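Residue numbers (mature numbering (1 follows the signal peptide of the UniProt record, and there is no 0)): -22 to -1, 1 to 217.
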Ligand SMILES: NC(=O)c1ccc[n+]([C@@H]2O[C@H](COP(=O)([O-])OP(=O)(O)OC[C@H]3O[C@@H](n4cnc5c(N)ncnc54)[C@H](O)[C@@H]3O)[C@@H](O)[C@H]2O)c1
């Protein structure tokens, strides 16, 4: 083990960024617990549990067995697209319930175990879309802006309990979420690439590597901050 991260919980650990984060912490020698809707596709060495983060009672029940937790990484999330005038209530609520309420329920439920660590850390997956949105993203952009605001409040409320809170905002990352949108024509790869100065999507492992680094000794004074990993997309405002 390169540094003493001992117990890590990753939500959304069955796919994409969450799966890569869980695998990266296993590679660091951590004990990694994963929560997801399904436990089918766990990375090797991750203890998976089926938890629906939208269900506060289930989240609290699952967290009750955690005696101590050093790092909570909230990766579980969904996206829905739709023009703001027509977006269904179901699509609005699904995204807010998962990305914002679900993230909050996990942070709240893990509070006691993170406090027991004495050096607890929460990392919430936001998105560059929280600050630079696009058409048809009402629920997703609002949920991720909410995650940024929530992270700041957690950084204040939890600091006296030895718990810090950070956000990570990836740009487009090649995961199942993005592959589904590309396949369905909701995203156009050439148009995406034209906006990304690095000329490619991120790999889940790159986001995971940054998250492991943020949980390490070099970032102990970081609290309440958002770390943007978008290949320069947010800087790319003028044609
Ligand atoms: N992929 C991107 O381009 C990108 C960019 C910025 C931010 N993000 C954010 O990163 C996070 C991970 O995204 P991803 O691309 O890896 O997506 P993904 O679809 O590959 O994985 C998301 C995981 O979350 C799980 N999940 C969804 N709802 C859940 C629930 N109610 N309870 C428990 N688990 C649930 C899914 O089952 C899935 O395994 C999300 O919060 C997403 O918004 C992704």
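The beta carbon of each residue, even a glycine, is placed where N, CA and C say it ideally should be.
Bear in mind that the values here come from a model prediction, so they are computed numbers and not experimental data.
Counting along the chain, the unbroken beta strand (DSSP E) around residue 141 starts and ends at 141 to 148.
By the neighbour-count criterion, in which a residue is buried when 16 or more other Cβ atoms sit within 10 angstroms of its Cβ, residue 176 is exposed.
Between residue 172 and residue 150, the beta carbon gap of about 12 Å keeps them out of contact (Cβ cut-off 8 Å). When DSSP reads this structure, residue 102 sits in a beta bridge with 52, 145.
It is roughly 13 Å from the alpha-carbon of residue 63 to the alpha-carbon of residue 69. The DSSP-derived three-state label of residue 114 is coil. Within the stretch 66 to 96, complete alpha helix (DSSP H) segments of at least 4 residues are found at 67 to 73, 81 to 87, 89 to 95, given in chain order. For residue 29, the distance from the CB to the nearest heavy atom of ligand 1 is below 7 Å. Taken in chain order, the whole beta strand (DSSP E) runs of length 3 or more contained in the stretch 6 to 37 are 9 to 14, 24 to 28.
Taking a contact as a CB-CB distance under 8 Å, the pair residue 50 and residue 85 counts as one, their CB atoms being some 7 Å apart.
Per DSSP, the unbroken beta strand (DSSP E) holding residue 207 starts and ends at 204 to 207. When DSSP states are grouped into helix, strand and coil, residue 169 belongs to the helix group. When the alpha-carbon of residue 125 is set against those of 102, 155, 7, 117, the nearest one is in 102.
DSSP places residue -14 in the strand class (E or B) of the three-state scheme.
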